[in-house]
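**Q**
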Amino acid sequence: DQQVKQNSPSLSVQEGRISILNCDYTNSMFDYFLWYKKYPAEGPTFLISISSIKDKNEDGRFTVFLNKSAKHLSLHIVPSQPGDSAVYFCAASANQAGTALIFGKGTTLSVSS
Amino acid sequence: NAGVTQTPKFRVLKTGQSMTLLCAQDMNHEYMYWYRQDPGMGLRLIHYSVGEGTTAKGEVPDGYNVSRLKKQNFLLGLESAAPSQTSVYFCASSYSGLQETQYFGPGTRLLVL
Numbered sequence: 501d502q503q504v505k506q507n508s509p510s511l512s513v514q515e516g517r518i519s520i521l522n523c524d525y526t527n528s529m530f531d532y533f534l535w536y537k538k539y540p541a542e543g544p545t546f547l548i549s550i551s552s553i554k555d556k557n558e559d560g561r562f563t564v565f566l567n568k569s570a571k572h573l574s575l576h577i578v579p580s581q582p583g584d585s586a587v588y589f590c591a592a593s594a595n596q597a598g599t600a601l602i603f604g605k606g607t608t609l610s611v612s613s
Numbered sequence: 075n076a077g078v079t080q081t082p083k084f085r086v087l088k089t090g091q092s093m094t095l096l097c098a099q100d101m102n103h104e105y106m107y108w109y110r111q112d113p114g115m116g117l118r119l120i121h122y123s124v125g126e127g128t129t130a131k132g133e134v135p136d137g138y139n140v141s142r143l144k145k146q147n148f149l150l151g152l153e154s155a156a157p158s159q160t161s162v163y164f165c166a167s168s169y170s171g172l173q174e175t176q177y178f179g180p181g182t183r184l185l186v187l
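Which chain is which? The protein sequence lines are A and B, in order.
Following this note's numbering, the numbering of the first sequence begins with 501 at its first residue and continues without gaps.
Following this note's numbering, the numbering of the second sequence begins with 75 at its first residue and continues without gaps.
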């Protein structure tokens, strides 16, 4: 059973508009969440993270929102740029010994100019 | 500062052959990880290490072995390759904890015929 779910395999957005990528989780012990970005033929790169003590974290054009009661987080990209076209992975972890990051299956974002 | 490097970049194996994938990091990170990425499956953890001389199983460890003889290196071995092990393999490292941001290598594409 998937503990971290990205239910939209793909998203298409026009340049300049907002991109919203969603992620749901089932494990209530998760307390740290990250977003990674991956271009073809490259490894994932860290984008932004959020701790469960916050409900929002912002870094430039990227903002992550966390709704703990709904077990849902979202990544907002404003404004979207063609260079943002990539696969975005949501990941979560619990502060327990022996547990590692659990990744979602990813959402492919395409930003058209 | 090369970050995380992986060798080889691409390899073709016949069923039953063995091989070792090498991961090296120059960031003095304690934790290292091996993932596999399959279409529609996201990133799945194979094995990880919390320090030199230690290893632990991840989500999909069967068919793989690992060793961490030196802090900077993490080796992934396939003793008898199977077509189901055709995948892209990513190595990652993090400074001190399983919840820490992980830094990924560029990946190794493996095809088992």
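Glycine residues also receive a C-beta, built at the ideal position from the N, C-alpha and C atoms.
No experiment lies behind these values; they were computed from the predicted model shown.
1. Compute the Euclidean distance between the alpha carbons of Y177/B and G90/B, then round it to the nearest angstrom.
2. Distance, Cα to Cα, L547/A vs D501/A?
3. Can you tell me whether F84/B is buried or exposed? The criterion is at least 16 other CB atoms within 10 Å of its CB, across all chains shown.
4. Could you give the first and the last residue of the continuous beta strand (DSSP E) run that contains S510/A?
5. Establish whether the CB of F530/A and some CB of chain B are separated by less than 8 Å.
6. With distances taken from CA atoms, which of L609/A, G604/A, S610/A and S612/A is nearest D112/B?
7. Tell me which residue opens and which closes the beta strand (DSSP E) that H576/A is part of.
8. Going by Cα to Cα distance, which pick from A76/B, E133/B and E153/B is closest to L95/B?
9. Going by the CB atoms, is the gap between Q506/A and Y525/A shorter than 8 Å?
10. If you draw a straight line from the C-alpha of L601/A to the C-alpha of D584/A, how long is it?
11. With DSSP as the reference, please indicate the residues paired to G583/A in a beta bridge.
12. My guess is that S549/A and L573/A are in contact by the Cβ rule of under 8 Å, so how many angstroms apart are they, rounded?
**A** The answer reads as follows:
1. If you number the second sequence from 1, residue 177/B lands on position 103. If you number the second sequence from 1, residue 90/B lands on position 16. The straight-line gap from Cα to Cα measures roughly 31 Å.
2. By one-based count along the first sequence, residue 547/A stands at place 47. By one-based count along the first sequence, residue 501/A stands at place 1. Roughly 26 Å separates the two Cα atoms.
3. In the second sequence, residue 84/B corresponds to position 10, counting from 1. Classification for F84/B: exposed.
4. Taking the first residue of the first sequence as 1, we reach residue 510/A at position 10. Residues S510 to Q514.
5. Translated into positions along the first sequence, residue 530/A becomes position 30. F530/A does not count as touching chain B.
6. The residue given as residue 112/B occupies position 38 in the second sequence. Considering only alpha carbons, the answer is G604/A.
7. As a working note, residue 576/A is residue 76 in the first sequence. Element bounds for H576/A: H572 to I577.
8. Position 21 of the second sequence, counting from 1, holds the residue named residue 95/B. The option with the nearest alpha carbon to L95/B is E153/B.
9. Against the first sequence, residue 525/A aligns to sequence position 25. Against the first sequence, residue 506/A aligns to sequence position 6. Annotated as distal: Y525/A and Q506/A, with beta-carbon spacing of 8 Å or more.
10. Mapped onto the first sequence, residue 601/A falls at position 101. Mapped onto the first sequence, residue 584/A falls at position 84. Near 23 Å, if we compare the C-alpha coordinates of D584/A and L601/A.
11. Indexing the first sequence from 1 puts residue 583/A at position 83. Bridge partners of G583/A: none, in fact.
12. Translated into the one-based positions of the first sequence, residue 549/A becomes position 49. Translated into the one-based positions of the first sequence, residue 573/A becomes position 73. Actually they are not in contact, since the Cβ atoms of S549/A and L573/A sit about 10 Å apart, beyond 8 Å.
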